[in-house]
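Chains as they are written, first to last, in the numbering used here: chain A, 4 to 402; chain B, 4 to 402. See structure below.
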DNA sequence: ATGATTTAATCCGCATAAGGGAAAAAATTG
DNA sequence: CAATTTTTTCCCTTATGCGGATTAAATCAT
């Protein structure tokens, strides 16, 4: 356990204040004091230090609180966007998406590379990622030296703490030390995180879970991922492992173990389509879901059935997750949502059927079809989160 | 978030030292200093305060460290057993088990009441529990005034934070505020906890997970429960809810949803036996598993098949839990272990089959057939854990 | 036996933190 | 200019932890 000393104390309160400023936009000192329960004296001291470090900025204009504006107007404080720059990336089998954000998480530039990197050698993937990061940084009018941290979000089982990729559908090898590889290539601290964790933090910071301290995100992409927010923190398994929902076993069929991924994985849903023709080509190019959408609108019965089966499987899996974590909200994201009503309806029905009676009504299902940029922004948020904590170390004695 | 002030700092370090003393038996101040990374000065100050509060005791005898005994001998410190008394209880459908322990968690007296309380009105159950607590306390040569806290461990979905029982197989009603009820009856602070959480803490403190900070306990009794230790802490779902493993869905059979409880619940395994005769009577009296053991030894094919099916279902469920939490050790406890090799073998096989390849070897399965007393001791440990934290408030300025 | 050596525990002073209270400074309205 | 409200600034108290010096308690060597 880490030992508690005055420095830790200060770090905690500092983080607390900084996070309050991040969450509640431009905010005055008095209000910070109310929200954090810290005395105005302390808040004043901490904010002075944050201002001094250039992490926040004062804003004299925005003092328009309820007309009754007597007395000295409050000085609003907000994050200094220029305090840091980070790069967030979503690495998927058939596309690379990058964003550069400022300290607030606002996107400065973004770049999407619709290329299939799936099954390429590691060196090639690393090349492409490196290139994408560099391009996106230039697009933002910056140089790599201006970037503090890079965070790569990708599917699979990721060991965040060590930066190792235990297994991922986009790598042939297992246990790749991708964080070190990219850190040395970019000459910038680079961390690796599960894409599901990235989108989870994205929803906590910018999306549909800003008001919650507990929730769950189910990501339905090529890989089926899970992110759990517990007490405002990402819950990482023992050893910092990310979860892989697709590995969950749904039952023992006549042909042995049936895993969720075999019922609801993107390729499994699409793979049931007759081979050949434009559809196979589309799948190969990673446009499968777009075409699937069209086919479903055209009432293609084969695909609709596959979507219904997948929805059922996912619905049951979500019920199991809710049984274990009892979150007030479950946010479902990912490309498979494009399958539309047949999929969503069967998911909802299966969930309603599978949720234990005693937990009925505990969790609310929310569907979210955010863009790839949002995922990348989540990865950027992961990077920012680490930066937020780093002042813990650098904080010297107050001047 | 709670605000960090010197008091919190002290509380953290105090708890840290106290916990170190609890875990590492009689221990000297220097060693505490090494283990906690606190300076010897600080350790000295904190231990002085703990001694002053009577929570720990010095032991001058036990200074026999490696022969090379030069210099001033170390004074060993240990928990003061008399610092507190707690009662822990395991409440099951067909038996009530109580223990009284001292501050160290050592059992002073225990009492088992083999009575069926299942489906009795709440008032009757409360009566019986109250009676058991009082008896056990008297057996320990104490009076209820000497008892600091009572902790009741029972199956079902328990909301530890509020003391409500959301649902339990031993209550007809749902959402019972049992903690308040018993607190006013006993006139002693009483808390309620899932029995699975109790046995989890028991293993962490006294049992087969003393060396781990992450692990999982699967409890197979009438109800199938789960306890997760994460970072040395009990992981409670959002809102402090306990998990109910039996509600997990294993698949969608032809007859609808198939839950784990319907495959591996105690009554479901035994229930497949032909009705009538001595066996039914045994089940009614809660001796089902004992008889089942005999039948299995006699190679009763019906029961063996039921055991195998149950083992498979549990094995798959455990694999799913490991997929989510990636614990280094899974401890499996509960009366169903009495089913013996047919059950255990099929469990192990199903687990091996269902565990995803990337997690193979991550988790070790350990079977533990500890007595009911151990469960009750775990409940006592839950009570003690709360006491450990309470000095946070009562701790005044160091004198 | 007696002093030297070694290790443990404590004491003292210093650094930091937070908090409260009060007063001063700042900015705005009436 | 007076009134009002926010923010900063002192000053003082309480609390922690740490480092270095000091005391304490035992063994070893002569």
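By construction, the Cβ of each residue, glycine as well, lies at the ideal position given by its N, Cα and C atoms.
- Task: Output yes or no for whether 9 Å exceeds the beta carbon distance between residue 2 of chain B and residue 150 of chain B.
- Result: Outside the shown range of chain B, which is 4 to 402, sits residue 2 of chain B, and nothing can be said about it.
- By Cβ distance, which residues of its chain are closer than 6 Å to residue 385 of chain A, with the 5 residues on each side in sequence left out? 154, 196, 201 and 204
- Which two residues bound the contiguous beta strand (DSSP E) that contains residue 370 of chain A? 367-371
- On a CA-only basis, which of B/171, B/165 and B/177 is nearest residue 183 of chain B? Give me that one, please. B/165
- Query: In angstroms, rounded to a whole number, what distance separates the CA positions of residue 9 of chain A and residue 9 of chain B?
  - Reply: 8 Å
- Query: What does residue 252 of chain B reach in chain A if we use C-beta pairs closer than 7 Å?
  - Reply: 319, 322, 323 and 357
- Task: Can you tell me which of the three DSSP states residue 92 of chain B falls into?
- Result: strand
- Query: Where does residue 3 of chain B fall in DSSP's three states?
  - Reply: There is simply no residue 3 of chain B to check, as chain B begins at 4 and stops at 402 in what is shown.
- Message: Tell me which residues share the same chain as residue 266 of chain B and place their Cβ nearer than 7 Å to its Cβ, disregarding the 5 neighbours each side in the sequence.
- Response: 253, 312, 313 and 316
- Quick one: which chain A residues come within Cβ less than 7 Å of residue 330 of chain B? 241
- Message: For a test of the three-state rule: what should DSSP assign to residue 236 of chain A, helix, strand or coil?
- Response: strand
- Query: Which of helix, strand or coil does DSSP assign to residue 73 of chain B?
  - Reply: coil
- Message: Please report the distance separating the alpha-carbon of residue 332 of chain B from that of residue 50 of chain A.
- Response: 45 Å
- Query: Going by Cα to Cα distance, which pick from B/105, B/344 and B/358 is closest to residue 319 of chain B?
  - Reply: B/358
- Return the CA-CA distance between residue 70 of chain A and residue 80 of chain A, expressed in angstroms with no decimal places. Residue confidence for residue 70 of chain A is low, a pLDDT of 46 falling below 50, so the modelled location carries little weight and cannot support an answer.
- Query: Would residue 247 of chain B count as contacting chain A if we go by Cβ distances under 9 Å?
  - Reply: yes
- For residue 81 of chain B, which beta-bridge partners are listed by DSSP? B/60
- Item | Alpha-carbon spacing of residue 19 of chain A relative to residue 88 of chain A, whole angstroms | 21 Å
- Task: State the start and end residues of the unbroken alpha helix (DSSP H) segment that holds residue 344 of chain B.
- Result: 344-357
- Would you call the region 334-350 of chain B and the region 169-176 of chain B in contact, with 3 or more CB pairs under 8 Å? no
- Item | Same chain, Cβ closer than 6 Å to residue 11 of chain A, five either side skipped, listed in chain order | none
- Item | For residue 213 of chain B, three-class secondary structure by DSSP | coil
- Going by the beta-carbon positions, is the gap between residue 125 of chain B and residue 174 of chain B smaller than 9 Å? yes
- Message: If we define contact as Cβ-Cβ less than 9 Å, is residue 185 of chain A a contact residue for chain B?
- Response: no
- Query: Is any beta-carbon of chain B found at less than 9 Å from that of residue 315 of chain A?
  - Reply: yes
- Message: Let me see if you follow: with CB-CB separation under 9 Å, is residue 170 of chain A close to chain B or not?
- Response: yes
- Message: Can you determine whether any heavy atom of the ligand GDP sits closer than 8 Å to the C-beta of residue 78 of chain A, and answer yes or no?
- Response: Looking at this structure, you won't find the ligand GDP or any other ligand, since it has none at all.
- Going by other Cβ atoms of all chains shown within 10 Å of its Cβ, with 16 needed for buried, is residue 45 of chain A buried or exposed? buried
- Message: Out of B/163, B/240, B/382 and B/75, which one is the CA nearest neighbour of residue 32 of chain B?
- Response: B/75
- Considering residue 466 of chain A, what are the terminal residues of the beta strand (DSSP E) in which it resides? Lying outside 4 to 402, the shown extent of chain A, residue 466 of chain A is not represented and no answer is given.
- Query: Within this structure, are the beta carbons of residue 92 of chain A and residue 309 of chain A separated by less than 9 Å?
  - Reply: no
- chain A beta carbons: is any one of them nearer than 9 Å to that of residue 308 of chain B? no
- What are the residues that DSSP puts in a beta bridge with residue 162 of chain B? B/167 and B/244
- Which term fits residue 40 of chain B, buried or exposed, when burial requires 16 or more other beta carbons within 10 angstroms of its beta carbon? exposed
- Exposed or buried, what is residue 236 of chain A when buried is set at 16 or more other beta-carbons lying within 10 Å of its beta-carbon? exposed
- Task: Out of B/95, B/140 and B/329, point me to the one whose CA is closest to residue 364 of chain B's CA.
- Result: B/329
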